[in-house]
Amino acid sequence: QANGIAAWLHAQGIGREAVVAVLADRSADAVLAVLGTLAAGAAYLPLDLGSPDERLAFLLADSGARALLVPPALSARAEALVAALPQALPLARVAELAHADAPPVVASTASDAAYLIYTSGSTGTPKGVVVEHAGAVNLVRGFLARHRFEGQRLLMIPPLIFDASVGDVFPVLACGSALVLHPAPTELGSVELERFCRDFGVTAIDAPAALWRRWSEGWALAPRSGPLLPSLQLMMIGGESVPVEQVRRFASITDGRVVLCNHYGPTEASVCATLLPTTHAAEVIAADLPIGRPLPGVRVHLLDAHGEPVPRGVAGELCIGGIGVARGYLGAPELTADRFVADPFADGDARLYRTGDLARWTMHGDGAPVLQFIGRRDHQVKLRGVRIELGEIDNALASLPGVRAAATLLREDRPGDRRLVAYVVADDGIDAAGLE
Numbered sequence: 001q002a003n004g005i006a007a008w009l010h011a012q013g014i015g016r017e018a019v020v021a022v023l024a025d026r027s028a029d030a031v032l033a034v035l036g037t038l039a040a041g042a043a044y045l046p047l048d049l050g051s052p053d054e055r056l057a058f059l060l061a062d063s064g065a066r067a068l069l070v071p072p073a074l075s076a077r078a079e080a081l082v083a084a085l086p087q088a089l090p091l092a093r094v095a096e097l098a099h100a101d102a103p104p105v106v107a108s109t110a111s112d113a114a115y116l117i118y119t120s121g122s123t124g125t126p127k128g129v130v131v132e133h134a135g136a137v138n139l140v141r142g143f144l145a146r147h148r149f150e151g152q153r154l155l156m157i158p159p160l161i162f163d164a165s166v167g168d169v170f171p172v173l174a175c176g177s178a179l180v181l182h183p184a185p186t187e188l189g190s191v192e193l194e195r196f197c198r199d200f201g202v203t204a205i206d207a208p209a210a211l212w213r214r215w216s217e218g219w220a221l222a223p224r225s226g227p228l229l230p231s232l233q234l235m236m237i238g239g240e241s242v243p244v245e246q247v248r249r250f251a252s253i254t255d256g257r258v259v260l261c262n263h264y265g266p267t268e269a270s271v272c273a274t275l276l277p278t279t280h281a282a283e284v285i286a287a288d289l290p291i292g293r294p295l296p297g298v299r300v301h302l303l304d305a306h307g308e309p310v311p312r313g314v315a316g317e318l319c320i321g322g323i324g325v326a327r328g329y330l331g332a333p334e335l336t337a338d339r340f341v342a343d344p345f346a347d348g349d350a351r352l353y354r355t356g357d358l359a360r361w362t363m364h365g366d367g368a369p370v371l372q373f374i375g376r377r378d379h380q381v382k383l384r385g386v387r388i389e390l391g392e393i394d395n396a397l398a399s400l401p402g403v404r405a406a407a408t409l410l411r412e413d414r415p416g417d418r419r420l421v422a423y424v425v426a427d428d429g430i431d432a433a434g435l436e
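Spelled out as structure tokens, the structure:
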């Protein structure tokens with residue numbers, strides 16, 4: 001079926017370096033659309049069904065998408081979206097395309113674009129990150145080297161619009177394991193998750209750290225007559241800080257049988273740059289779980305304001321080099337030049353991505369240093385695994401009629417209860433509820 005999708009795209013003249021949009025839900029059809037796009041040699045752009053039509057239209061125009069693939073359930077939304085565009089865009093329902101025995105012959109290279117993911121922008125406009133095949137393949141190889149993916153049944157929590165999904169779909173399928181899909185996994189409570197994992201034989205889960213924390217708190221409080229998630233072997237988390245105390249509680253209720261792996265990495269470094277596996281976290285000295293050590297093919301440097309390495313134990317900006325560094329931001333050469341800089345520690349035209357994250361090397365129980373995440377050096381935040389530029393929210397609010405100024409911040413009124421709060425200076429008589 002993926003080959004049939006690729007053949008249809010090829011017949012539209014779509015191939016290398018072309019962008020194909022996928023109106024993505026949590027279905028096998030959406031995954032097929034991604035696979036078919038790659039088989040045609042093109043790059044896929046996942047679009048969120050929950051986004052306003054204006055935002056989707058902007059992404060389609062900004063990316064220069066050549067076609068739109070949709071699961072059948074989303075056909076009506078897709079037709080309305082395409083009808084509102086100034087130029088016609090070929091649209092295909094995934095399940096209705098003919099099958100083919102083989103994909104088109106495409107001479108793809110490691111430097112071709114594989115996918116395009118839009119992240120929040122500080123100027124109020126989303127920015128598209130172009131990731132090449134070399135980075136995506138390095139991620140797959142690194143995950144297969146560091147995780148035991150063979151024979152797993154992985155429950156994929158991140159939707160396709162988040163780059164974390166790349167670390168689920170391709171490593172799992174590359175080694176012949178199974179992806180397990182749920183239409184709304186973030187809405188599962190701890191009890192519902194247990195039942196779902198039992199019914200579908202789930203052995204591995206990939207989830208934002210905030211969601212894992214919510215689940216583990218529920219599991220710790222619930223009475224139990226038997227072992228928790230007896231089939232679970234691997235829990236992958238990332239996106240926010242993870243208290244070591246909670247890791248140890250999770251280990252106690254899972255009998256120390258589940259490998260918990262903390263992932264760190266921005267979209268601009270092909271999903272994941274460093275990771276730390278643990279079970280009881282007995283080897284961890286810090287209060288929060290470290291973000292670990294680089295994946296194969298990835299280099300990390302902690303640099304000061306002058307681009308010089310900082311001593312061990314001193315905070316510095318985490319800069320990432322190696323195969324996983326993305327091509328840059330689509331249509332934004334100045335922004336690309338600012339964040340993707342020459343790598344002075346490597347030969348040739350290698351580059352570093354300046355993450356804006358602060359970290360330091362700290363000692364680990366095994367005697368080798370690991371990276372400890374400290375925070376941001378700008379106004380970007382992460383909430384429930386989603387990277388958010390507070391400036392984008394400020395600009396969106398300030399553009400509304402009657403709003404003179406706006407400021408957004410991330411508040412944590414009690415441990416684990418983190419939320420975005422926006423403040424506005426508004427004209428008299430404005431309807432505050434309308435700002436939502």
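To convert, note that position 411 of the sequence shown is 411 in our numbering; the numbers rise steadily by one, no gaps.
Where is the CB? At the ideal position from N, CA and C, for every residue including glycine.
Q: Entirely within the segment 212–269 and at least 4 residues each: give me those alpha helix (DSSP H) ranges in chain order.
A: The qualifying runs are 244–253.
Q) Counting along the chain, where does the alpha helix (DSSP H) carrying His10 start and finish? A) Your numbering for residue 10 matches position 10 in the sequence shown. If you look at His10, you'll find it in the alpha helix (DSSP H) that goes 2–11.
Q.
Considering only the alpha carbon of each residue, which of Val310, Gly13, Ile5, Gly324 lies closest to Tyr264?
A. For the purposes of this step, residue 264 is identified with residue 264 of the sequence shown, where counting begins at 1. Checking every option, the nearest Cα to that of Tyr264 belongs to Gly324.
Q. With which residues is Asp288 paired in a DSSP beta bridge?
A. Here residue 288 refers to the residue found at position 288 of the sequence shown. In the DSSP assignment, the residues bridged to Asp288 are Pro243.
Q) Just reading off the beta strand (DSSP E) that Arg93 is part of, what are its end residues? A) Mapped onto the sequence shown, residue 93 falls at position 93. Unbroken beta strand (DSSP E) run through Arg93: 91–93.
Q) Mind checking whether Val94 and Ala65 have CB atoms under 9 Å apart? A) Sequence index remark: in the sequence shown, residue 94 carries index 94 (1-based). Sequence index remark: in the sequence shown, residue 65 carries index 65 (1-based). Against a cut-off of 9 Å, the Cβ pair of Ala65 and Val94 comes out as no contact.
(Q) According to DSSP, is Cys175 part of a helix, a strand, or is it coil? (A) The residue you call residue 175 lines up with position 175 of the sequence shown. In the three-state DSSP reduction, Cys175 falls in the coil class, being neither helix nor strand.
Q.
If contacts are defined as beta-carbon pairs under 8 Å, then Arg327 and Ala113 qualify, I think. What distance do you get, rounded to the angstrom?
A. In the sequence shown, counting from the first residue as 1, residue 327 sits at position 327. In the sequence shown, counting from the first residue as 1, residue 113 sits at position 113. Right, the Cβ-Cβ distance comes to about 7 Å (below 8 Å), so this counts as a contact.
**Q.** Whole-angstrom distance between Pro243 and Pro277, CA atom to CA atom
**A.** Counting from 1 along the sequence shown, the entry for residue 277 is found at position 277. Counting from 1 along the sequence shown, the entry for residue 243 is found at position 243. Distance from the CA atom of Pro277 to the CA atom of Pro243, rounded to whole angstroms, is 14 Å.
Q) Just the Cα atoms here: how many angstroms apart are Leu318 and Leu275? A) Here residue 318 is taken as the residue at index 318 of the sequence shown, counted from 1. Here residue 275 is taken as the residue at index 275 of the sequence shown, counted from 1. Here the alpha carbon of Leu318 sits roughly 14 Å from the alpha carbon of Leu275.
Q | Arg411 - partner residues in DSSP beta bridges | A | As a first step, residue 411 must be located in the sequence shown, where it is residue number 411. Beta-bridge pairing links Arg411 to Arg419.
Q.
For a minimum of 4 consecutive residues, which ranges assigned as the alpha helix (DSSP H) are wholly contained in the segment 23–96?
A. Look at the segment 23–96 and you find these whole runs of alpha helix (DSSP H), each 4 residues long or longer: 28–39, 53–63, 75–83.
(Q) For a quick check, are the C-beta atoms of Gly172 and Gly201 less than 9 Å apart? (A) Taking the sequence shown and counting its residues from 1, one reaches residue 172 at position 172. Taking the sequence shown and counting its residues from 1, one reaches residue 201 at position 201. In the sequence on display, residue 172 carries Val and not Gly. Cβ distance not < 9 Å, so Val172 and Gly201 don't count as in contact.
Q | Burial state of Phe170, where buried means 16 or more other Cβ atoms lie within 10 Å | A | Working through the sequence shown from its first residue, we reach residue 170 at position 170. Buried, by the Cβ-count rule.
Q: May I ask you to list the residues that DSSP assigns as paired with Val117?
A: Counted from its first residue, the sequence shown places residue 117 at position 117. Going by the sequence as given, residue 117 is Ile instead of Val. Paired residues: Val129.
Q) How far does the alpha helix (DSSP H) with Arg195 in it reach, from first residue to last? A) If you number the sequence shown from 1, residue 195 lands on position 195. Per DSSP, the continuous alpha helix (DSSP H) segment holding Arg195 begins and ends at 190–200.
Q | Per DSSP, the bridge partner or partners of Pro309 | A | Position 309 of the sequence shown, counted from the start, is the residue given in the question as residue 309. For Pro309, which the question treats as bridged, DSSP gives the partners Leu303.
Q) If Asp206 sits next to Ile157, beta carbons under 8 Å apart, how far is it from one beta carbon to the other, in whole angstroms? A) Position 206 of the sequence shown, counted from the first residue, corresponds to residue 206. Position 157 of the sequence shown, counted from the first residue, corresponds to residue 157. Contact flag correct, Cβ pair sits at about 6 Å.
Q.
Quick check on Ala426 - is its C-beta less than 9 Å from some C-beta in chain B?
A. Annotation note: the requested chain B is absent from the structure, which comprises a single protein chain.
(Q) Could you pull the DSSP bridge partners for Pro294 from this structure? (A) The sequence position of residue 294 within the sequence shown is 294, counting from 1. Residue pairing for Pro294: DSSP places it in a beta bridge opposite Thr274.
Q: Measuring alpha carbon to alpha carbon, tell me which of Ile320, Val70, Leu89, Pro208 ends up nearest Gly36.
A: The count along the sequence shown starts at 1 and reaches residue 36 at position 36. Scanning Ile320, Val70, Leu89, Pro208 for the CA closest to the CA of Gly36 turns up Val70.
Q) For Val131, which residues of its own chain have a beta-carbon under 6 Å away from its beta-carbon, when the five flanking residues on both sides are left out? A) As a first step, residue 131 must be located in the sequence shown, where it is residue number 131. Residues Ala114, Tyr115, Ser270, Ala326 of the same chain have their beta carbon placed closer than 6 Å to that of Val131, with the five preceding and five following residues left out of the count.
(Q) Using only CA atoms, which one of Ala286, Arg351, Ala6 lies nearest to Ala18? (A) Taking the first residue of the sequence shown as 1, we reach residue 18 at position 18. Closest by alpha carbon: Ala6.
Q | Alpha-carbon spacing of Phe373 relative to Leu81, whole angstroms | A | Locating residue 373 in the sequence shown gives position 373, where the first residue counts as 1. Locating residue 81 in the sequence shown gives position 81, where the first residue counts as 1. Straight across, the Cα-Cα distance linking Phe373 with Leu81 is about 41 Å.
Q) From what residue to what residue does the alpha helix (DSSP H) around Asp338 run? A) By 1-based counting over the sequence shown, the position of residue 338 is 338. Looking at the DSSP string, the run of the alpha helix (DSSP H) that includes Asp338 is 333–339.
Q: Might you give, ordered along the chain, the residues of its own chain that have their beta carbon closer than 7 Å to the beta carbon of Gln1, omitting 5 neighbours on each side?
A: Looking up residue 1 in the sequence shown gives position 1. Closer than 7 Å at the Cβ level, and outside the excluded window around Gln1, lie Leu32, His99.
Q: State buried or exposed for Ser252, treating a residue as buried only when at least 16 other CB atoms are found within 10 Å of its CB.
A: Counted from its first residue, the sequence shown places residue 252 at position 252. Classification for Ser252: exposed.
Q.
Can you check which of these residues, Ile388, Trp8, Gly402, Pro401, is closest to Leu410 by C-alpha distance?
A. Stepping through the sequence shown from its first residue, residue 410 is reached at position 410. Leu410 has its Cα closest to that of Ile388, out of Ile388, Trp8, Gly402, Pro401.
Q | Complete runs of the beta strand (DSSP E) confined to the segment 138–184 [at least 3 residues] | A | Listed in chain order, they are 153–156, 178–180.
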